[in-house]
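Q: Counting in our numbering, the final residue of the sequence shown is number 213, and the numbers go up one at a time with none missing.
We put the CB at the ideal spot given by N, CA and C, even for glycine.
What you are looking at is a predicted structure, and each value in this text was computed from that prediction instead of being measured.
Quick one: structure below, then a few questions.
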Amino acid sequence: ENIDTDFAEHWFGTKKVPIFKPVTYELFHDLGPHWTNYAVIYDLKTDATPEQLQRVIDFSHLVTHASDDEFARRLPDFLDLEQFGAYLAGNVLLSNYDSFFTHGQNFFIYLDPKSDLFGFISWDHDHSWGEFGHYGSRRDRERASIWKFWTYDFRFLERTMSVPAFRDIYKAKLEYAL
């Protein structure tokens, strides 16, 4: 299924959903106050208002600069924690290392027009079940941690996984799936 305005209309009831296909090792890293600095990295696939684009910039500023307490307090203002917990749990249980876990790609982000929260869409699972030979050995992939599954300095994920409320959600999603 193409991730585009038709996808948005089917899943959200409107075509007015900003959908991005980022390729970056530094997801939600502060690149300054202007969208032009983010545009190529975030690759907008649908239309977005200036206010919606500003949400990417504002969240990037939070991820990059907030204290741990401020980040934990304000994370639910930007990220759909339930949806993101399910997204991560699914990818971890599928051992999907051909993803943003290892090379910062093969996913989409959307900004829900009703909640104004970011969510994630899985993409390209052809190397799931640990069949992505570009990361470690088969044994490494078989024994990978469910708590530290990314393979590079991934500030957004490190910070998010350090928030106790999110860890509880993520753990519950893993348990539900299992």
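What span of residues does the beta strand (DSSP E) with Tyr-145 cover, start to end?
A: Position 110 of the sequence shown holds residue 145. First-last of the beta strand (DSSP E) with Tyr-145: 142-146.
Q: CA-CA distance, Thr-99 and Leu-79?
A: By one-based count along the sequence shown, residue 99 stands at place 64. By one-based count along the sequence shown, residue 79 stands at place 44. In a straight line, the C-alpha of Thr-99 is about 21 Å away from that of Leu-79.
Q: Run through DSSP, which three-state label would Ile-76 get?
A: Counted from its first residue, the sequence shown places residue 76 at position 41. In the structure shown, Ile-76 sits in a helix (DSSP, three-state: H, G or I).
Q: Is the region 103-121 touching the region 144-153, taking contact as three or more C-beta pairs under 8 Å?
A: Taking a contact to require three or more Cβ pairs closer than 8 Å, the region 103-121 and the region 144-153 qualify as touching.
Q: Can you pull the DSSP bridge partners for Leu-209?
A: Reading the sequence shown from its first residue, position 174 is the one you call residue 209. Its beta-bridge partners do not exist; DSSP assigns none.
Q: Going by beta carbon distance, what residues of the same chain come within less than 8 Å of Asp-93, once the five residues before and after it are set aside?
A: If you number the sequence shown from 1, residue 93 lands on position 58. For Asp-93, where only same-chain residues beyond five positions count, the Cβ hits under 8 Å are Phe-113.
Q: Would you call the region 75-90 in contact with the region 120-135, where contact means no fewer than 3 C-beta pairs closer than 8 Å?
A: The region 75-90 is not in contact with the region 120-135.
Q: Using C-beta distances below 8 Å, list every residue in its chain close to Tyr-73, excluding the 5 sequence neighbours before and after it, in chain order.
A: Here residue 73 refers to the residue found at position 38 of the sequence shown. Closer than 8 Å at Cβ, skipping near neighbours: Leu-66, Leu-88, Val-91, Ile-92 and Ser-95.
Q: Taking all protein chains shown into account, decide if Tyr-211 is buried (16 or more other Cβ within 10 angstroms of its Cβ) or exposed.
A: Counting from one through the sequence shown, the residue named residue 211 turns up at place 176. Per the 10 Å Cβ criterion, exposed.
Q: Out of Ala-107, Ile-144 and Thr-49, which one is the CA nearest neighbour of Val-58?
A: Here residue 58 refers to the residue found at position 23 when the sequence shown is read from its first residue. Cα-wise, what sits closest to Val-58 is Ile-144.
Q: According to DSSP, simplified to helix, strand and coil, what is Arg-114?
A: Taking the sequence shown and counting its residues from 1, one reaches residue 114 at position 79. What sits at residue 114 in the sequence shown is Leu, not Arg. Strand at Leu-114.
Q: Taking the alpha helix (DSSP H) that Ser-95 falls in, what are its first and last residues?
A: In the sequence shown, residue 95 corresponds to position 60, counting from 1. Looking at the DSSP string, the run of the alpha helix (DSSP H) that includes Ser-95 is 85-100.
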